[in-house]
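Novice: Respectively, the protein sequence lines represent chains A and B.
Residue 127 is where the first sequence starts when you use the numbering used here, and the numbers rise one by one after that.
Residue 127 is where the second sequence starts when you use the numbering used here, and the numbers rise one by one after that.
Just so it is clear, CB atoms sit at the ideal spot from N, CA and C, and this is done for glycine as well.
Remember, predicted model here, so these are calculated numbers, not experimental data.
Please see the structure below; I have some questions.
Protein chains: 2
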Amino acid sequence: DTVIVEAGGLYALPGLCDAHMHIESGMLTPARFAEAVIPHGTTTMFVDPHEIANVLGLAGVRLMNDEARQQPVNIFVQIPSCIPSAPGLETPGADLGPSEVAEALKWPNIIGLGEMMNYPGAAAGDPRMLEEMSLTMAAGKTVGGHYASPDVDDGFHAYVASGPADDHESTRESDAIARVRQGMRVMLRLGSAWHDVESQITAVVEKNLDPRNFLLCTDDCNANTLVFDGHMDRVVRHAIACGCDPVVALQMATINTATHFGLERELGSIAPGRRADLILTDDLATLPILEVYARGRHVASRGAMTIETPMINWPDDARHSVRTGRRLDKSDFVITVDKSPKDNLITANVIGILENLAPTRHLRFEMPVVDGVVSIDVEQGISQVALVERHRETGRVVHGFVHGFGYRGSMALASTIAHDCHHMIIVGTSHAEMAMAANHLAEIDGGISLWQDGYEQATVHLPIAGLMSDSPAVSVANELENLTRAMQACGCSLNNAYMQHTLLALAVIPELRISDLGLVDVNTFSLTEVFV
Amino acid sequence: DTVIVEAGGLYALPGLCDAHMHIESGMLTPARFAEAVIPHGTTTMFVDPHEIANVLGLAGVRLMNDEARQQPVNIFVQIPSCIPSAPGLETPGADLGPSEVAEALKWPNIIGLGEMMNYPGAAAGDPRMLEEMSLTMAAGKTVGGHYASPDVDDGFHAYVASGPADDHESTRESDAIARVRQGMRVMLRLGSAWHDVESQITAVVEKNLDPRNFLLCTDDCNANTLVFDGHMDRVVRHAIACGCDPVVALQMATINTATHFGLERELGSIAPGRRADLILTDDLATLPILEVYARGRHVASRGAMTIETPMINWPDDARHSVRTGRRLDKSDFVITVDKSPKDNLITANVIGILENLAPTRHLRFEMPVVDGVVSIDVEQGISQVALVERHRETGRVVHGFVHGFGYRGSMALASTIAHDCHHMIIVGTSHAEMAMAANHLAEIDGGISLWQDGYEQATVHLPIAGLMSDSPAVSVANELENLTRAMQACGCSLNNAYMQHTLLALAVIPELRISDLGLVDVNTFSLTEVFV
């Protein structure tokens with residue numbers, strides 16, 4: 127059955143590997159994600175299904191792994207290590223701990239432990255974290271790292287010694303050098319919003335460190351990036367544009383990555399018994415992806431898929447995961463105070479959005495109170511934020527205020543992507559629209575929806591766990607474009623505005639966040655009140 | 127407790143790793159082997175205790191691992207994969223199969239499966255071999271290779287696809303290239319008798335292949351080499367002398383090897399939580415090993431140990447392993463024929479020794495018969511060979527003839543090293559001396575002993591499993607020197623003469639061998655008779 131491919135004048139390269147990524151960031155199922163990236167030459171992905179695990183627990187990881195295993199390309203799955211991300215400060219849909227890690231390590235296609243985000247815990251010897259890492263290493267598998275602090279002192283040393291073998295959170299050349307000196311492999315990241323290659327690849331290009339311990343990854347790519355810019359081909363081209371030798375840049379996206387995960391014989395070889403994943407191109411520097419082969423099959427040609435990517439039958443649990451337990455009413459979003467404050471003003475703790483940055487600021491504003499109800503003071507740039515519990519059918523609503531979106535008029539934006547627990551987050555200037563947007567998301571099983579003056583303006587449909595679409599990437603990208611325009615029409619001109627929205631509950635990054643348990647002061651890792 | 131070492135003007139290098147070796151080849155216990163090689167800068171060894179496993183089974187592997195774990199340097203142990211080496215043609219002291227592999231994989235310090243010597247079986251899908259490899263890979267550990275054929279065709283492809291990740295048996299540049307093309311790592315070997323570096327390192331030095339997949343190893347070093355020439359330092363110096371860049375040669379004995387076994391973070395790093403194994407030297411090309419540190423401890427200085435290497439208490443089973451069950455008499459070695467043959471001559475199948483080569487030739491000689499007894503015809507260059515069963519106390523004697531040692535007079539040489547089953551092999555020109563040598567070895571619990579004219583002339587004492595000494599390397603080296611001189615005095619001037627003796631039973635290498643079941647025709651993998 128041998129097929130002979132005439133490729134005179136072309137280069138044959140190993141298929142590209144993404145060393146660390148989250149499929150959910152594309153808002154696509156594994157099948158739809160694969161369909162989007164294969165024409166870009168990606169044939170291997172190392173994925174941490176951290177988001178779906180927050181919604182559906184180990185069953186969600188299993189579903190991702192089941193669909194991953196059916197793909198024509200390699201999607202190796204890591205077991206999420208930190209669920210919940212912020213223990214005691216939030217309630218995910220399910221917990222994952224050492225016993226779940228031990229269980230998942232028995233499954234096929236599991237490649238290791240997902241990024242160890244609890245770096246203070248790992249460094250301090252938190253028994254739960256150490257046990258998860260120890261189980262993984264005993265199984266001969268790789269522990270992923272995530273060390274998000276700029277310090278490379280004692281805490282860093284303790285963290286690296288505890289188990290994580292790689293890190294994608296470094297941003298400076300000196301960070302990268304510190305990591306390889308410590309015996310880690312560095313993952314240089316170019317995601318939709320992360321730009322960490324240029325600042326660190328100088329360690330190889332200028333400082334001449336051995337490149338074998340440098341890998342490329344995306345971490346998070348949204349559907350727009352995948353559809354309009356590419357995937358790992360984009361990262362390799364960028365590394366070359368930063369002065370990296372093309373062959374070295376390609377090694378950082380192929381053999382280096384395969385070696386890191388113990389797959390150096392399995393991947394990248396054209397030999398009997400191996401996975402013949404390869405790309406044909408006619409230029410190593412600009413890297414046009416002409417033809418793609420995965421496990422010996424021709425899977426894409428000149429940017430288009432030549433085969434389909436199989437989907438699993440996602441079960442009801444996954445398709446109807448927005449469980450608020452009741453319809454919400456605009457009264458659910460009204461914030462009242464017991465007695466009229468002095469001058470009808472009350473001091474509120476307000477989440478302050480920072481343009482282009484993941485951290486927020488902890489702001490304080492004087493808010494007007496009218497008839498015992500706290501007004502949403504758009505003049506001061508403030509919107510109301512609400513988190514609706516959606517995993518256990520309590521429909522419980524937690525209140526807060528946020529500054530920086532710039533919304534005006536009568537509107538609300540609701541999302542069931544709400545890192546990391548993925549409850550429902552609603553930001554709005556009107557209680558009525560907040561209820562409308564929330565109820566709509568419950569009806570359509572999740573997504574991101576913007577309502578204005580009583581009408582739906584734009585919706586991204588994400589019916590799988592409220593996180594992912596099983597429609598093609600281009601349709602999600604179009605919905606996202608519409609959403610961005612609709613947000614702008616409401617006065618929000620932030621970069622990556624919907625990402626800022628979905629990060630409001632990320633209770634591990636300073637300074638102030640909202641969770642299902644209340645407002646979270648991330649500087650002190652404690653819950654706090656809306657009003658001072 | 128920090129100790130500051132002033133090393134101005136010196137280079138600090140990672141300690142050297144031997145990628146593949148057998149401790150038993152040094153005729154030394156792990157502790158004594160470590161003591162001999164640490165001053166040469168070896169701090170990590172990957173060892174396959176194949177010989178002791180043939181004598182004592184899994185218990186022998188356990189004892190080696192127990193002593194290995196106590197050493198100040200790293201001795202990682204592989205589980206022997208092929209015991210017996212030639213199923214159906216020989217009887218080792220114990221079998222090792224998939225269930226023993228599964229058991230040993232649970233032990234600490236086990237790094238993978240030992241060299242898969244049954245390459246025809248692995249290539250043909252022998253279920254026992256596939257199960258051993260599959261268990262090892264499922265545990266995330268490395269399968270060692272041993273592909274001793276010059277063919278790199280279908281059988282080679284099937285072999286590599288079956289699991290082995292490395293090979294140290296290639297001898298030509300084209301072999302080395304074929305192996306890395308197939309996704310294997312190549313181990314370039316310089317042992318006491320193996321010289322496979324110079325002929326293959328051209329793949330890197332001249333053909334510019336990426337050196338990261340090339341490793342250095344010794345496979346087999348006797349005590350003389352260790353005492354007089356060195357260990358991995360000798361191999362690295364040789365690689366440099368062959369034109370290899372010193373840093374690349376050092377990588378082939380450090381980071382490349384560590385990476386192959388998934389230990390790249392553990393070994394070679396000076397960082398918290400890692401094993402600080404390092405060497406201080408003042409010249410990278412001539413590589414004098416000035417100081418050696420292992421796991422942060424100063425273990426050797428200017429060629430001498432600064433600490434002791436701990437020994438286990440070897441149990442009676444291991445110390446009294448020469449179990450013939452009875453004293454042997456010279457009559458046990460007399461070969462009689464039922465009726466007088468024509469002209470008093472009988473045609474015998476004779477093992478023909480080839481100078482400097484492991485294979486033997488299958489020769490035929492007319493042997494004189496006197497009074498029904500076959501004479502040992504030293505005029506034709508023939509000695510008698512006998513294999514005495516020593517594992518199950520049967521004392522059974524198998525007879526044969528051997529050509530090429532050149533022995534004269536009245537002598538016999540007996541050895542309890544007799545690859546791979548390690549019964550007792552005696553070669554002699556006199557039935558009486560054959561019995562004396564055999565009985566002496568049984569009394570002293572094993573070794574190699576040469577008797578002449580009724581007296582012991584030289585003996586290497588190997589009381590541990592009949593294979594190893596727990597005396598210092600220099601004492602074993604001196605005994606071996608004496609033995610070599612005594613063999614020369616008996617007329618044998620072969621290179622590595624005692625090695626040729628100990629390989630007479632190696633029933634996996636053509637053409638004619640002797641086992642406890644009879645003469646073995648290795649070309650047809652069948653038993654044959656002494657007389658045609």
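In chain order, what are the residue ranges of uninterrupted beta strand (DSSP E) at least 3 long that sit wholly in the region 518-603 of chain B?
Specialist: Those beta strand (DSSP E) runs which fall completely within the region 518-603 of chain B and span 3+ residues are 523-529, 537-541, 550-554, 573-578 and 581-587.
Novice: Assuming Ala591 (chain B) and Val181 (chain B) make a contact with CB atoms under 8 Å, what is their CB distance in whole Å?
Specialist: Sure, about 5 Å apart at Cβ, within 8 Å.
Novice: Since Ile381 (chain A) is in the alpha helix (DSSP H), which residue starts that stretch and which ends it?
Specialist: That run of the alpha helix (DSSP H) goes Ile381 to His386.
Novice: Which residues of chain A have a Cβ atom closer than 8 Å to the Cβ of Lys333 (chain B), listed in chain order?
Specialist: Result: empty, since nearest Cβ-Cβ is about 16 Å, beyond 8 Å.
Novice: Using a Cβ cut-off of 7 Å, pull out every chain B residue sitting near Met465 (chain A), in sequence order please.
Specialist: The sequence shown places Lys at residue 465 (chain A), not Met. Going along chain B, no residue has its Cβ under 7 Å from Lys465 (chain A), so there is no contact; the nearest lies around 57 Å.
Novice: Which runs of the beta strand (DSSP E) fall wholly inside the region 304-354 of chain A and span at least 3 residues, in chain order?
Specialist: Listed in chain order, they are 311-315 and 340-343.
Novice: Taking only beta-carbon positions, decide if Ser275 (chain B) is within less than 8 Å of chain A.
Specialist: Output row for Ser275 (chain B): interface = no.
Novice: Could you name the residues of the same chain whose beta carbon sits closer than 8 Å to that of Arg534 (chain B), not counting the 5 residues immediately before and after it, in chain order?
Specialist: For Arg534 (chain B), where only same-chain residues beyond five positions count, the Cβ hits under 8 Å are Val504, Thr555, Cys616 and Gly617.
Novice: For Phe202 (chain B), does the three-state DSSP call read helix, strand or coil?
Specialist: Strand.
Novice: Rounded to the nearest angstrom, what separates Lys456 (chain A) and Ser509 (chain A) at their Cα positions?
Specialist: If you take the alpha carbons of Lys456 (chain A) and Ser509 (chain A), they lie about 15 Å apart.
Novice: Counting along the chain, where does the alpha helix (DSSP H) carrying Thr262 (chain B) start and finish?
Specialist: First-last of the alpha helix (DSSP H) with Thr262 (chain B): Pro253 to Ala264.
Novice: Excluding the 5 residues flanking Glu390 (chain B) on each side, which residues of the same chain have their C-beta closer than 6 Å to its C-beta?
Specialist: Excluding positions up to five away in sequence, the list reads Ala384.
Novice: Could you give the distance in angstroms between the alpha-carbon of Ile433 (chain B) and the alpha-carbon of Ala212 (chain B)?
Specialist: Going from the Cα of Ile433 (chain B) to the Cα of Ala212 (chain B) covers about 42 Å.
Novice: For Ile552 (chain B) and Leu142 (chain A), what's the separation of their Cα atoms in angstroms?
Specialist: Their backbone Cα atoms lie some 60 Å apart in a straight line.
Novice: Quick one: which chain A residues come within Cβ less than 7 Å of Thr671 (chain B)?
Specialist: Because residue 671 (chain B) is not part of the residues shown, which for chain B are 127 to 658, the question remains open.
Novice: Which of the three DSSP states is assigned to Asn180 (chain A) in this structure?
Specialist: Three-state result, Asn180 (chain A): helix.
Novice: Just to make sure I have the definition right: I need the residues of chain B whose C-beta is within less than 9 Å of the C-beta of Ala287 (chain A). Which are they?
Specialist: Per Cβ cutoff of 9 Å: Ala397, Pro398, Gly399 and Arg400.
Novice: Under the three-state reduction of DSSP, which class applies to Ala284 (chain A): helix, strand or coil?
Specialist: In the structure shown, Ala284 (chain A) sits in a helix (DSSP, three-state: H, G or I).
Novice: For a minimum of 3 consecutive residues, which ranges assigned as the beta strand (DSSP E) are wholly contained in the region 419-449 of chain A?
Specialist: The region 419-449 of chain A contains these whole beta strand (DSSP E) runs: 423-427.
Novice: Report, in whole angstroms, the separation of the C-beta atoms of Met613 (chain B) and Ala603 (chain B), which I expect to be a contact under 8 Å.
Specialist: The pair is not a contact, with the Cβ atoms about 16 Å apart (cut-off 8 Å).
Novice: Looking at Val312 (chain A): is its Cβ nearer than 8 Å to the Cβ of Asp293 (chain A)?
Specialist: Contact flag set, yes.
Novice: Keeping to the same chain, check which residues put their C-beta closer than 7 Å to that of Met561 (chain B); ignore five residues upstream and five downstream.
Specialist: The identity of residue 561 (chain B) in the sequence shown is Ala, whereas the question assumes Met. Correct list, in chain order: Leu454, Asp455, Lys456, Asp458 and Phe459.
Novice: So what does DSSP say about Asp647 (chain A), is it helix, strand or coil?
Specialist: In this structure, Asp647 (chain A) counts as strand in the three-state DSSP scheme.
Novice: Determine the chain B residues that contact Gly266 (chain A) at a beta-carbon separation under 8 Å, and present them in chain order.
Specialist: Within 8 Å Cβ-Cβ: Ala265, Gly266, Lys267 and Gly388.
Novice: Would a C-beta distance cut-off of 8 Å place Ala540 (chain A) and Ala558 (chain A) closer than the cut-off?
Specialist: The answer is no: Cβ separation not under 8 Å.
Novice: Is Gly507 (chain A) close to chain B, meaning its C-beta is less than 8 Å from at least one C-beta of that chain?
Specialist: No, Gly507 (chain A) does not count as interfacial toward chain B.
Novice: Taking the continuous alpha helix (DSSP H) assigned at Gly114 (chain B), which residues delimit it?
Specialist: This structure leaves residue 114 (chain B) out entirely; chain B is present only between 127 and 658.
Novice: So what does Glu161 (chain A) bridge to, in DSSP terms?
Specialist: According to DSSP, which records beta bridges pairwise, Glu161 (chain A) is partnered with nothing at all.
Novice: Which same chain residues end up closer than 8 Å to Arg298 (chain A) when comparing Cβ atoms and leaving out the 5 residues on each side of it in sequence?
Specialist: Same-chain partners within the cutoff: Pro276, Ser325 and Gln326.
Novice: Quick check on the DSSP output: the beta strand (DSSP E) that includes Ser234 (chain B) runs from which residue to which?
Specialist: In the sequence as displayed, the identity of residue 234 (chain B) is Pro instead of Ser. From DSSP, Pro234 (chain B) is part of no beta strand (DSSP E); its letter is neither H nor E.
Novice: Can you tell me which of the three DSSP states His357 (chain A) falls into?
Specialist: DSSP places His357 (chain A) in coil when its eight states are reduced to three.
Novice: Looking only at C-alpha atoms, which of B:Gly266, B:Thr412 and B:Thr407 sits nearest to Tyr419 (chain B)?
Specialist: The shortest C-alpha separation from Tyr419 (chain B) is found at B:Thr407.
Novice: Roughly how many angstroms separate the alpha carbons of Arg363 (chain A) and Gly369 (chain A), rounded to a whole number?
Specialist: Roughly 10 Å between the two C-alpha positions.
Novice: Opposite Val173 (chain B) in the DSSP bridges: which residues?
Specialist: Looking at the DSSP assignment, Val173 (chain B) forms a beta bridge with B:Met147 and B:Val203.
Novice: Going by Cα to Cα distance, which pick from B:Glu519, B:His166, B:Asn191 and B:Ile164 is closest to Pro175 (chain B)?
Specialist: For Pro175 (chain B), the nearest C-alpha among the options comes from B:Asn191.
Novice: Tell me the residue span of the beta strand (DSSP E) that contains Leu512 (chain A).
Specialist: In the sequence on display, residue 512 (chain A) carries Ala and not Leu. Unbroken beta strand (DSSP E) run through Ala512 (chain A): Ile508 to Val514.
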